[in-house]
Amino acid sequence: MPASLADCAVAVLGTADARAKTALSRRCAAAWFEGREQGRPMPIGTARPPDRPARPAKPELLDPRDVPRRRPGSAAGRLAILHAIAHIELNAVDLHWDIIARFTHVPMPAGFYDDWVKAADEESKHFDLLSDRLEAHGAFYGALPAHAGMWRAAEDTAQDLEARLAVVPMVLEARGLDVTPGMIALFEKAGDADTVAALEVIYAEEVGHVAYGSKWFHFLCGRHDHDPKDRFHDLVRRYFHGALKPPFNVEKRAEAGLPPDFYWPLAEEV
Ligand SMILES: [Fe+2]
Ligand SMILES: [Fe+2]
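Residue numbers (the UniProt record's numbering): 1 to 270.
This is the structure:
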């Protein structure tokens with residue numbers, strides 16, 4: 001077991017095999033929470049995260065325009081959706097460990113690390129659940145091509161913790177809340193109860209990840225005396241490429257601490 005939380009993060013980021021990455025991620029999370037509960041917390045430490053996380057040789061990473069589109073109503077279409085979500089979850093594992101290792105120079109309460117370690121642990125579980133579903137359908141993670149460029153948000157916000165929080169949990173993960181109910185309906189219609197159950201777990205836990213983003217974004221705005229809404233608009237316009245896409249899941253976004261006046265002005269200005 002790595003000696004510090006930052007070393008844990010770099011070890012997970014440096015693990016290429018997807019199942020090995022999620023297994024190490026979950027062991028590190030368990031060690032962190034065990035230390036916290038027993039009153040002898042693992043040190044945060046410092047470490048240099050890689051510019052890009054290690055990833056398996058497969059899936060082949062393609063420009064989003066070159067990823068083949070399949071009809072969502074077909075079995076092949078549903079498999080492609082599962083594969084795409086698994087890819088997003090694996091990226092999320094790396095994103096959460098990256099925020100832990102990359103911003104250790106910004107003094108943050110221990111609760112900040114609790115939240116992102118928990119989120120990383122949950123993303124690891126999500127990836128495993130989806131890989132299990134792919135395997136139950138005779139496929140596996142790596143069997144299809146996947147989107148390249150998912151790490152772009154991390155690179156764009158590598159110098160600015162507030163921007164990272166605005167773009168990753170509060171824009172990208174909030175987008176997950178918008179689209180997941182439609183995916184659940186699709187698998188319900190296909191009678192795939194096990195995939196529906198996996199997606200329900202993911203949907204419930206993703207609300208928490210958006211809420212962590214909002215909580216720590218507001219915390220930093222308080223520290224720097226910024227108006228959170230103005231700051232959010234400013235950072236998203238600067239660091240996120242493109243407008244936010246309605247329809248929005250107003251209810252789940254509100255539950256996660258994202259009121260409409262945060263996101264609507266960013267959708268309307270296309
Ligand atoms: Fe997830
Ligand atoms: Fe998430």
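Ideal placement from N, C-alpha and C gives every residue a C-beta, glycine not left out.
Keep in mind it's a predicted model, so treat the numbers as computed, not measured.
For K215, the enclosing alpha helix (DSSP H) starts and ends at 193 to 224.
For E206, the Cβ falls inside the 7 Å cut-off from some heavy atom of ligand 2. DSSP places V106 in no alpha helix (DSSP H); its state is neither H nor E. At least one heavy atom of ligand 2 lies less than 7 Å from the C-beta of E123.
Beta-bridge partners assigned by DSSP to A146: L61. Annotation for K189: the continuous alpha helix (DSSP H) segment containing it runs 174 to 189. Sixteen is the threshold: since fewer than 16 other Cβ atoms of the shown chains lie within 10 Å of the Cβ of V201, the residue is exposed. P64 is not a Cβ neighbour of G142, given a cutoff of 8 Å. Within the same chain, and ignoring the five residues on either side of N249 in sequence, the residues whose Cβ sits closer than 6 Å to its Cβ are L177, D178. Residue H241 holds the alpha-carbon nearest to the alpha-carbon of A267 among A148, H241, A193, A256. Listed in chain order, the non-local C-beta contacts of P246 below 6 Å within the same chain comprise A267, local neighbours out to five positions each way being set aside. In the three-state reduction of the DSSP assignment, H96 falls in the helix class, which pools H, G and I. When C-alpha distances from T104 are compared across A80, P43, S131, the shortest belongs to P43. In this structure, DSSP gives P41 a state outside helix and strand, which the three-state scheme calls coil.
Remark: the C-beta of E89 is in contact range of ligand 1, defined as less than 7 Å to any heavy atom. Within the same chain, and ignoring the five residues on either side of A139 in sequence, the residues whose Cβ sits closer than 6 Å to its Cβ are L79. In the three-state DSSP reduction, A139 falls in the coil class, being neither helix nor strand.
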